[in-house]
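A.B. asks: Protein sequence lines correspond, in order, to chains Y and V.
Per full-length UniProt numbering, the very first residue in the first sequence carries number 1; after that it's consecutive.
Per full-length UniProt numbering, the very first residue in the second sequence carries number 1; after that it's consecutive.
Note that the Cβ used here is the ideal one computed from N, Cα and C, for glycine as well.
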Amino acid sequence: MKIKWLRIDSRLIHGQVANNWVNHVGASTIIAANDSAAKDDLRKTLLLQVAPGRTKSYVMTIAKTARCYKNPTYENLDVLMVVENPTDVLRLMDEGVEVTQVNVGGITFKEGMTLISEAVSVSPEDVKAFQELDKRGVKLILQQLPNTQSSDFMNRLKSKGLI
Amino acid sequence: MVAIVIAAHGNFSESLISTARMIFGNIENVEQVTFKPGEGIENLLEKYAIITESFDDDAVLFLVDLFGGSPYNAASRFVARRNNMDIVTGVNLPMVIEVLGKRLAGGTLEDLVQTAKQAGADGIKSFRDIFARQKMANSAMEDEGDVLG
C-alpha cells in the first residue's frame, strides 16, 4: 500500500474536501482509519455515503488498517488515509505503518483545546503526540486545502507557546 | 483561462464566492455582480461591460441565479453578440466548485458549461433516496483479517 497522503482531519471523510485531496494527490482509494467510526454501523454507512464517487472508500479500525497495509495484494494501491488525531498516527506507526509526513488538516475545537489556525485546534494530549511524531522524524505540515498555503506545524506550535 | 462572472439578485453572488473559498481555497479570476432593489437592466449591462473590459480577449462564463431574471436577461443581451461567452443559470455551490476545478484542469468554455450544468444538477440529492438504496455497514465483520472492507 502506498500512502500518497496521510491527513489528520477530525471530520474524516467530508464531501468536497476529500474530493479535492484525492484529485490533488492522485489516490484511487480513501481509508478512514478510526476505531469508533469503524465500530459504529450508522456512522460508517454515512461516512461512506459522502465519499467521492470515483474512489473506493473504507472505514476501518487502526489495527485492521495496519494489517491491510502489510497485505502484499495492495502493494500498488494509491491511498489517501485520514485519521482523527495525531495519537492515531502514532498507533498506526506502532503497528508497522511507515509514515514520513503528515498533513494536519482539521481538528475541531472542543473545550480545553487551543486554537492553532482557522481549522486546527489541539488538546494537551495532541501536543504530546505531535512532539512524539516530530521526535520520530515525521514531517508535520499545516495545510487545509490543496491550493491554500502550507506551513510547518511544529513551528506553529512553538509560536503559540505550546512547546 | 476562462473568466467567470457570478451575477445574482441581492448579495447572493458575493456570499457564494466567499463561501466557495471555504471549500475550494484561493479563488482568482471570478467576478461578482450584485443586483439590488432599485437597479435595472442598464445597471447590470454597465457592470458587465466594466468587468469584462479587464478580461482582455478571454472567454467568459456567466453563472446567474434565475433563468429569466434581470441578471440573466442583461447577460443574454450582452452575450448574444459575443461568441466566446455563455451563460448557465441556477447557480449553486456545487456548480461553482466543480467549475473552478474544471477550469484549474484547463477546461475550455464549452467544458465549463457542460460541467456547470452537470454539477449544478448532480449536487441535488435526497438523503432518503440514497439511504434507502445504501447497504448498511456491518461492523460484526470489521476487525478481522487483512482484506479491505
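1. Would you please verify whether the beta carbon of Leu148/V is less than 8 Å from any beta carbon of chain Y?
2. Please list the partners that Gln16/Y has in chain V, where partner means a Cβ-to-Cβ separation under 7 Å.
3. What do you get for Lys135/Y, buried or exposed, if any count of 16 or more other CB atoms within 10 angstroms of its CB means buried?
4. For Ser15/V, count neighbouring C-beta atoms within 10 Å of its own C-beta (all shown protein chains included) and say buried if the count is 16 or more, exposed if not.
5. What residue range is occupied by the uninterrupted beta strand (DSSP E) comprising Ala7/V?
6. Do Ala51/Y and Leu92/Y have their C-beta atoms within less than 8 Å of each other?
7. In this structure, what does DSSP give as the bridge partners for Glu31/V?
8. So the candidates are Thr34/V, Arg21/V, Lys135/V, Gln118/V; which of them puts its Cα closest to the Cα of Gly70/V?
9. Considering only C-alpha positions, which residue in the set Ile50/V, Thr19/V, Met22/V, Gly40/V is nearest to Ala9/V?
10. Which partner residues does Val79/Y have in the DSSP bridge list?
11. Please tell me whether Gln118/V has its Cβ less than 8 Å away from any Cβ of chain Y.
12. Just the chain V side, please: which residues come within less than 9 Å of Pro146/Y by C-beta, in chain order?
13. Roughly how many angstroms separate the alpha carbons of Gly137/Y and Leu6/Y, rounded to a whole number?
14. Let's see if you can read the secondary structure: which residues bound the alpha helix (DSSP H) around Leu100/V?
15. Only counting the same chain, and skipping five residues up and downstream in sequence, which positions put a Cβ closer than 7 Å to that of Gln32/V?
16. Please go through the same chain and pick out, in chain order, the residues whose beta-carbon is closer than 7 Å to the beta-carbon of Glu46/V, but skip the five residues on each side of it.
C.D. replies: With the given structure in hand:
1. The residue labelled residue 148/V in the question sits at position 148 within the second sequence. Closer than 8 Å: yes.
2. The residue you call residue 16/Y lines up with position 16 of the first sequence. Going along chain V in sequence order, the residues near Gln16/Y (Cβ under 7 Å) are Ile23, Ile97.
3. Walking along the first sequence from the start, residue 135/Y turns up at place 135. Result: exposed.
4. Here residue 15/V refers to the residue found at position 15 when the second sequence is read from its first residue. Ser15/V comes out exposed.
5. Within the second sequence, numbered from 1, the residue matching residue 7/V stands at position 7. Residues 3-9.
6. Stepping through the first sequence from its first residue, residue 51/Y is reached at position 51. Stepping through the first sequence from its first residue, residue 92/Y is reached at position 92. The answer is no: Cβ separation not under 8 Å.
7. Stepping through the second sequence from its first residue, residue 31/V is reached at position 31. According to DSSP, which records beta bridges pairwise, Glu31/V is partnered with Val5/V.
8. Within the second sequence, numbered from 1, the residue matching residue 70/V stands at position 70. A quick correction: the sequence has Ser, not Gly, at residue 70/V. Ser70/V has its Cα closest to that of Thr34/V, out of Thr34/V, Arg21/V, Lys135/V, Gln118/V.
9. As a working mapping, residue 9/V is identified with position 9 in the second sequence. Going by the sequence as given, residue 9/V is His instead of Ala. Ranking Ile50/V, Thr19/V, Met22/V, Gly40/V by Cα distance to His9/V puts Gly40/V first.
10. As a first step, residue 79/Y must be located in the first sequence, where it is residue number 79. According to DSSP, which records beta bridges pairwise, Val79/Y is partnered with Ile3/Y, Thr29/Y.
11. Taking the first residue of the second sequence as position 1, residue 118/V is located at position 118. Not closer than 8 Å to any Cβ of chain Y, the Cβ of Gln118/V fails to qualify, so no.
12. The residue you call residue 146/Y lines up with position 146 of the first sequence. In chain order: Gly25.
13. Indexing the first sequence from 1 puts residue 137/Y at position 137. Indexing the first sequence from 1 puts residue 6/Y at position 6. Whole-angstrom Cα-Cα distance: 15 Å.
14. Start at 1 with the first residue of the second sequence, and residue 100/V comes out as number 100. Per DSSP, Leu100/V belongs to the alpha helix (DSSP H) from 93-104.
15. The count along the second sequence starts at 1 and reaches residue 32/V at position 32. Answer for Gln32/V: Ile6, Ser13, Glu14, Ile17, listed in chain order.
16. Numbered from 1 along the second sequence, position 46 holds the residue referred to as residue 46/V. For Glu46/V, where only same-chain residues beyond five positions count, there are no Cβ hits under 7 Å.
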